[in-house]
Each structure stands twice: as C-alpha cells, then as structure tokens.
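Student: Its first residue numbered 1, the sequence shown is counted upward by one per residue in the UniProt record's numbering.
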Amino acid sequence: MQPVDNKRATQYQADEVPLLQQPPPNTEAAVPSLLHELKSKHKGPVPSSARLAKRPLAPSLMEPSRKVIRGSPRALALPETNRLGNSSGSDLVIRQELPWDTFKKYYECDLAGTVAVCVRRSGRRGVWAIRQYPCKDADRILGILCSMSHKNVVSAFECFRTSDALYMLSQFHPLTLDHVVACKAFPDQRQLAAIMSQFVDGLSYLDAQNLQHTSLDCASVLMSLDREVQIARIDCCAIQPAGRVQVNDLAPVGRVMMELMQKYVKDDGAVGINNPDRWRNCPAAIEFLSATTSAGLFEELKRQCLLAEIRWAPGDLIGLAWFALISVCTFYSYMPQLDEDE
Numbered sequence: 001m002q003p004v005d006n007k008r009a010t011q012y013q014a015d016e017v018p019l020l021q022q023p024p025p026n027t028e029a030a031v032p033s034l035l036h037e038l039k040s041k042h043k044g045p046v047p048s049s050a051r052l053a054k055r056p057l058a059p060s061l062m063e064p065s066r067k068v069i070r071g072s073p074r075a076l077a078l079p080e081t082n083r084l085g086n087s088s089g090s091d092l093v094i095r096q097e098l099p100w101d102t103f104k105k106y107y108e109c110d111l112a113g114t115v116a117v118c119v120r121r122s123g124r125r126g127v128w129a130i131r132q133y134p135c136k137d138a139d140r141i142l143g144i145l146c147s148m149s150h151k152n153v154v155s156a157f158e159c160f161r162t163s164d165a166l167y168m169l170s171q172f173h174p175l176t177l178d179h180v181v182a183c184k185a186f187p188d189q190r191q192l193a194a195i196m197s198q199f200v201d202g203l204s205y206l207d208a209q210n211l212q213h214t215s216l217d218c219a220s221v222l223m224s225l226d227r228e229v230q231i232a233r234i235d236c237c238a239i240q241p242a243g244r245v246q247v248n249d250l251a252p253v254g255r256v257m258m259e260l261m262q263k264y265v266k267d268d269g270a271v272g273i274n275n276p277d278r279w280r281n282c283p284a285a286i287e288f289l290s291a292t293t294s295a296g297l298f299e300e301l302k303r304q305c306l307l308a309e310i311r312w313a314p315g316d317l318i319g320l321a322w323f324a325l326i327s328v329c330t331f332y333s334y335m336p337q338l339d340e341d342e
C-alpha cells in the first residue's frame, strides 16, 4: 500500500487490504449446535416479559372465599307495596333494621324538622339526611312516600324500619327558605321566580296526589346550595278527597311569598307587604302576591307573569343560598360518639 499525493490530502489505496478481500464469517456455522438446540427447545411463542402474571388456573371448588362478612345477617330489602294505589309511584326499599349500621351520624339539626346528618360507613361517601318518625305513623308515611315522585317534593332513597320507629334516608339540603328569610339579603325578582316556580310546582303536585300539607311555611321548604327547592315535612301531609282546590291549598303560596318579600307575615293573616317601595321595579312580584288571594287553581298562578315570563336559571340562586348559609345560625345538637372500631 503506497501513499498517493493529491494536493493537501493523503489517500490510501485499500484495494489490496487483506482483510477486506476476505468474505464475511459464517456465524451460524460457527455455533451450529447451539442454534439448533435453542430452536428445538422453543417451538412455541416466547413470553415477551417475565413480569407478566401467569394466567390463573381454574379455581378449585374447595378453595375458600377471601371475602369475610362480619356482623349479624342483614335483613332482606324488599320494595314496599304502594298502599295508595298510585301506579306512578316508584318502589321504595324498606330495610327491617336500624340505619346506624350503615350510616354514621355526625350531628342533628333543624332542617324542616329534626334531621340527623350522616355519612355512609363504607363505599361511596356522601352526606345524607335521616329523619325519624314514630312507629304509629309508619304505615301512613310509607304510603305517602310510595305514591310520590317529584323533583320539588322531598323523596326517600330508602327506609329503615324497626318496631319502634321509621327512618327515612333522603338527599341532604343544608338550607330552608327560613334561612333565606332570616338573612339580610332580599331575593330579586328573578330569584323569586326561581323559588316560587319550584314551590308552586311541588305544591300543585301534592294536590294532584290528593295530599294536603297541613303545616307549610318557609321553615318546611328545603333549599340546596345551587338550585333545588323541595317541600319537606311529609309527615304533615294528609289524604283528602279528590275535588276542587280549596282556599287552604293556595294559602301557603301567599305566606311564603310574603315572607320572602318582607321577612315576615302580617299578624292579622292578611296578604300584603308593608314595604312596596322596595319592589317598585318588580311589578311582576307584586302582581303575583296579589293573585294568590284570588286564584282558584294552581294553573292560574302559573300563568302569572312572575312564573310564566320571568326567565331564570338554576344558577341564579347560588349567591343567595351561600350567603344565607354562612350568615344565619342553625340550631344543632352534637354529641361525640365512639364506634367499636375506634
């Protein structure tokens, strides 16, 4: 191999290098026995990773279950028969046991009657309300609950029944309209429309089910933190004969409206407000309040401008609800309880 001068670069002629003239080595021929041995041992597919779990064999019939059920046997939950004969009512699960094995009570407070605020002991956690009724009213209340299904009337998710009491599990709403009345804020016309539209819908539904609420005021109407208004105190409902709407059926509408507009009702029972200047720019609210004294049907109230023309959205109540929650005191009762596992 001789160097060749080509200006500034030096090149080498590689044609005569001995190693480049030889053919590439035959690696398979070098280790033929090893390759044939490996091929004969792995005729099937090769696992891609040793970390993959092996497919379990069929479980043995003699292998015991790993899940251990503790405590006494649970009572079978069966739907309660609709005692009022209303085919539209949904089946209600009744458990023949106390609710405290399933739910832990944290405190009691006054929310349209005494309610125990609870959290489920296991599974998906959430806040629930449990109301207790005496055993003498259990059949009547269960019959009413089974006959109802409306978004603006409190409903039961399930019930617990013992020889001493009936317990109703329902959605937890932290407010009543009484909290709104007690706070310093007055609802505006759109908020009034949102509240009264839902309240009238719930009350007219009760009337269609031949039920009359005998103790209905702002303290008996629940309110959520975003939009829902629900009539509560179902134990105060009484079955009435079907027929024309009575004056007493529409009277709660005027009382609730009056409390929301001026924070109190008149001592003589008359319907009206003493501060009309506050609502001078809200004629629909004043017209609706006046209509509660003359309307003979719920449909007449629903045709009023406040409910028929004032456009409202569920979010319109958020600010009012949260202000009422943090500014108004609620009566409560709290007693620390120790569980067996604590």
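A virtual CB, placed ideally from N, CA and C, is assigned to each residue, including glycine.
From the DSSP output, in three-state form, read off Leu111 for me.
Tutor: Counting from 1 along the sequence shown, the entry for residue 111 is found at position 111. It is coil, neither helix nor strand.
Student: Assuming Trp322 is part of the alpha helix (DSSP H), what are its boundary residues?
Tutor: Looking up residue 322 in the sequence shown gives position 322. 318 to 327 is the span of the alpha helix (DSSP H), which, as asked, contains Trp322.
Student: What distance in whole Å lies between the Cβ atoms of Asp217 and Phe298, which are believed to be in contact at a cut-off of 8 Å?
Tutor: Counted from its first residue, the sequence shown places residue 298 at position 298. Counted from its first residue, the sequence shown places residue 217 at position 217. Between Asp217 and Phe298 the Cβ distance is about 18 Å, and since that is not below 8 Å, they are no contact.
Student: Give a yes or no on whether the C-beta atoms belonging to Arg125 and Ser170 are separated by under 9 Å.
Tutor: Residue 125 sits at position 125 when you count from the first residue of the sequence shown. Residue 170 sits at position 170 when you count from the first residue of the sequence shown. No, these two residues do not count as a Cβ contact at 9 Å.
Student: Go ahead and label Thr102 buried or exposed: buried means 16 or more other beta carbons lie within 10 angstroms of its beta carbon, across all protein chains shown.
Tutor: Here residue 102 refers to the residue found at position 102 of the sequence shown. So Thr102 ends up on the buried side.
Student: Could you have a look at Met335 and say whether DSSP puts it in helix, strand or coil?
Tutor: Taking the sequence shown and counting its residues from 1, the one referred to as residue 335 is at position 335. Residue state, collapsed to three classes: coil.
Student: So if DSSP puts Met168 in a beta bridge, which residue, or which two residues, is it bridged to?
Tutor: Here residue 168 refers to the residue found at position 168 when the sequence shown is read from its first residue. BP columns for Met168 point to Arg131, Cys159.
Student: Would you kindly report the start and end of the unbroken beta strand (DSSP E) that includes Gln212?
Tutor: Position 212 of the sequence shown holds residue 212. Residues 211 to 213.
Student: Within a Cβ cutoff of 6 Å, which residues of the same chain sit near Gln337, ignoring the five residues on either side of it in sequence?
Tutor: Residue mapping note: residue 337 aligns to position 337 of the sequence shown, counting from 1. So the list is empty, once near-sequence residues are dropped.
Student: The beta strand (DSSP E) with Gln230 in it runs from where to where?
Tutor: Here the question's residue 230 lines up with position 230 in the sequence shown. First-last of the beta strand (DSSP E) with Gln230: 229 to 231.
Student: Are the CB atoms of Glu228 and His173 within a distance shorter than 9 Å?
Tutor: Residue 173 sits at position 173 when you count from the first residue of the sequence shown. Residue 228 sits at position 228 when you count from the first residue of the sequence shown. The answer is yes: Cβ separation under 9 Å.
Student: Are the beta-carbon atoms belonging to Asp267 and Ala219 less than 9 Å from one another?
Tutor: Counted from its first residue, the sequence shown places residue 267 at position 267. Counted from its first residue, the sequence shown places residue 219 at position 219. Contact flag unset, no.
Student: Taking Cβ positions, are Leu306 and Ala321 nearer each other than 9 Å?
Tutor: Within the sequence shown, the letter at position 306 stands for residue 306. Within the sequence shown, the letter at position 321 stands for residue 321. No.
Student: Suppose you measure from the CA of Asp226 to the CA of Leu211; what does that come to, to the nearest Å?
Tutor: Taking the first residue of the sequence shown as 1, we reach residue 226 at position 226. Taking the first residue of the sequence shown as 1, we reach residue 211 at position 211. Cα to Cα, Asp226 sits roughly 28 Å from Leu211.
Student: Who are Leu222's beta bridge partners in DSSP?
Tutor: As a first step, residue 222 must be located in the sequence shown, where it is residue number 222. Leu222 is bridged to Thr176, Gln230.
Student: Given 8 Å as the limit, is there contact between the stretch 147 to 155 and the stretch 268 to 287, that is, 3 or more CB pairs closer than that?
Tutor: No, they do not touch.
Student: Less than 9 Å separating the beta-carbons of Ile231 and Leu317?
Tutor: Within the sequence shown, residue 231 is the residue found at index 231, counting from 1. Within the sequence shown, residue 317 is the residue found at index 317, counting from 1. Cβ distance not < 9 Å, so Ile231 and Leu317 don't count as in contact.
Student: For Met233, count neighbouring C-beta atoms within 10 Å of its own C-beta (all shown protein chains included) and say buried if the count is 16 or more, exposed if not.
Tutor: Taking the sequence shown and counting its residues from 1, one reaches residue 233 at position 233. Here residue 233 is Arg; the residue named in the question, Met, does not match the sequence. When all chains shown are included, Arg233 counts as buried.
Student: With distances taken from CA atoms, which of Ser197, Cys236, Glu300 is nearest Gln256?
Tutor: Here residue 256 refers to the residue found at position 256 of the sequence shown. According to the sequence provided, residue 256 is Val. The question's Gln does not apply to it. Ranking Ser197, Cys236, Glu300 by Cα distance to Val256 puts Ser197 first.
Student: From Tyr106, Gly254, Glu309, Glu259, pick the residue whose C-alpha is nearest to that of Leu289; which is it?
Tutor: Within the sequence shown, numbered from 1, the residue matching residue 289 stands at position 289. Nearest C-alpha to Leu289: Gly254.
Student: Whether or not the stretch 178 to 190 and the stretch 324 to 334 are in contact is what I'm after, with contact meaning three or more pairs of Cβ atoms, one per stretch, closer than 8 Å; do they touch?
Tutor: With the cut-off at 8 Å, the stretch 324 to 334 and the stretch 178 to 190 touch.
Student: Can you name, in chain order, every residue of its own chain whose Cβ lies under 6 Å from the Cβ of Tyr334, other than the five neighbours on each side?
Tutor: Looking up residue 334 in the sequence shown gives position 334. Around Tyr334: Tyr107.
Student: Buried or exposed, going by whether 16 or more other CB atoms sit within 10 Å of the CB of Tyr167?
Tutor: Start at 1 with the first residue of the sequence shown, and residue 167 comes out as number 167. Buried is the call here.
Student: Buried or exposed for Gln96, going by 16 or more other Cβ atoms inside 10 Å?
Tutor: Numbered from 1 along the sequence shown, position 96 holds the residue referred to as residue 96. Its Cβ having fewer than 16 others within 10 Å, Gln96 is exposed.
Student: Where does Arg120 sit, in a helix, a strand or coil, going by DSSP?
Tutor: Within the sequence shown, residue 120 is the residue found at index 120, counting from 1. Three-state result, Arg120: strand.
Student: Just to confirm before moving on: does the CB-CB distance between Pro134 and Ala165 stay below 9 Å?
Tutor: On the sequence shown, position 134 is the one that residue 134 refers to. On the sequence shown, position 165 is the one that residue 165 refers to. A contact, by the Cβ cut-off of 9 Å.
Student: Look up Tyr106 in the DSSP assignment and say whether it is helix, strand or coil.
Tutor: Position 106 of the sequence shown holds residue 106. Strand.
Student: Could you tell me the boundaries of the alpha helix (DSSP H) in which Ile195 lies?
Tutor: On the sequence shown, position 195 is the one that residue 195 refers to. Segment 189 to 208, the alpha helix (DSSP H) holding Ile195.
Student: Closest to Val119 by C-alpha separation, out of Trp100, Val221, Asp139, would be which residue?
Tutor: By one-based count along the sequence shown, residue 119 stands at place 119. Among Trp100, Val221, Asp139, the Cα nearest to that of Val119 belongs to Trp100.
Student: What is the rounded straight-line gap between the Cα of Leu301 and the Cα of Ser122?
Tutor: Residue numbering aside, residue 301 sits at position 301 when the sequence shown is read from its first letter. Residue numbering aside, residue 122 sits at position 122 when the sequence shown is read from its first letter. Roughly 46 Å separates the two Cα atoms.
Student: Please classify Glu287 as buried or exposed, where buried requires at least 16 other C-beta atoms within 10 Å of its C-beta.
Tutor: One-based indexing of the sequence shown puts residue 287 at position 287. Glu287 is exposed by the Cβ-count criterion.
Student: Compute the Euclidean distance between the alpha carbons of Arg140 and Gly202, then round it to the nearest angstrom.
Tutor: Residue mapping note: residue 140 aligns to position 140 of the sequence shown, counting from 1. Residue mapping note: residue 202 aligns to position 202 of the sequence shown, counting from 1. Arg140 and Gly202: Cα-Cα distance of roughly 20 Å.
Student: In whole angstroms, what is the alpha-carbon distance linking Asp249 and His213?
Tutor: On the sequence shown, position 249 is the one that residue 249 refers to. On the sequence shown, position 213 is the one that residue 213 refers to. Spanning the two alpha carbons is a distance of roughly 8 Å.
Student: I want to check one thing, is the minimum distance from the CB of Asp101 to the heavy atoms of the ligand HEM below 8 Å?
Tutor: Ligands are entirely absent from the displayed structure, and the ligand HEM is therefore not among its contents.
Student: Taking the alpha helix (DSSP H) that Arg140 belongs to, which residues open and close that run?
Tutor: For the purposes of this step, residue 140 is taken as residue 140 along the sequence shown, with counting starting at 1. Unbroken alpha helix (DSSP H) run through Arg140: 138 to 147.
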